[in-house]
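Report on one structure; see the data block that follows.
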């Protein structure tokens, strides 16, 4: 049995920025092993970014990193529904996709 291969890759993303500040990812484009672009529509998504402040056991207050966004998405690849994780860094204006 082979090991499960997991990797990050940079992605081009089409998304909607709403007036309330939220982001909706709509479509991604990544390069495959042959260097060719593959485009996938995002069928569903969930924003799983941690945006709530919390207090450490020592009483220190911690604010979340508001420039980092994390999404769990479903795409259709070769007629199969696949789960991916999509990360957006607003400071770097870059998107990365994580898949196995």
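Residue numbers (the numbering used here): -19 to 80. The beta-carbon is built from N, C-alpha and C at its ideal position, and this holds for glycine as well.
At a cut-off of 3 residues, the continuous stretches assigned as beta strand (DSSP E) that sit fully inside the segment -2 to 44 are 3 to 11 and 17 to 27. Taking all protein chains in view, the Cβ of residue 68 is crowded by 16 or more other Cβ atoms within 10 Å, so the residue is classified as buried. Taking residue 32 as the centre and dropping the five residues before and after it, the same chain places the C-beta of 44 closer than 7 Å to its C-beta, in chain order. Beyond the five residues adjoining it in sequence on each side, residue 12 comes within less than 6 Å, by CB distance, of 18 in the same chain, given in chain order.
In the DSSP assignment, residue 80 falls outside any beta strand (DSSP E), carrying neither H nor E.
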